[in-house]
Amino acid sequence: MGGEQGQRAQELLMRKLDLLQEDKAPGEEHKQKLLALFASPLPEDAEQAIAALLEATGHQNGAAQG
Numbered sequence: 011m012g013g014e015q016g017q018r019a020q021e022l023l024m025r026k027l028d029l030l031q032e033d034k035a036p037g038e039e040h041k042q043k044l045l046a047l048f049a050s051p052l053p054e055d056a057e058q059a060i061a062a063l064l065e066a067t068g069h070q071n072g073a074a075q076g
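Per the working numbering, the sequence shown starts with residue 11, numbered consecutively.
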């Protein structure tokens, strides 16, 4: 995911996963924390946050569209 839309999506995900406070701009350390989450199975709260984002954007069960 690249470009401005990708950056906004990463920032939203960081906020939903409590890796980034509302009044802060994301930095490299926040991106590294986000990537580190995917190095092992996700905690249940992270799965729920991602599922809620996917549902809110119209993606069903995280399935690829195409």
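A virtual CB, placed ideally from N, CA and C, is assigned to each residue, including glycine. Predicted model, so just to flag it, every value in this text is computed and none were measured.
Three or more beta-carbon pairs drawn from the region 23-32 and the region 56-64 are found closer than 8 Å, and the two stretches are therefore classed as touching.
For glutamate 32, there is no enclosing alpha helix (DSSP H), as DSSP gives it neither H nor E.
Cβ atoms of lysine 41 and glutamine 20 come within 8 Å of each other, at about 7 Å. The Cβ atoms of alanine 56 and leucine 45 lie no closer than 8 Å to each other. Going by DSSP, leucine 27 is part of no alpha helix (DSSP H) at all; its letter is neither H nor E.
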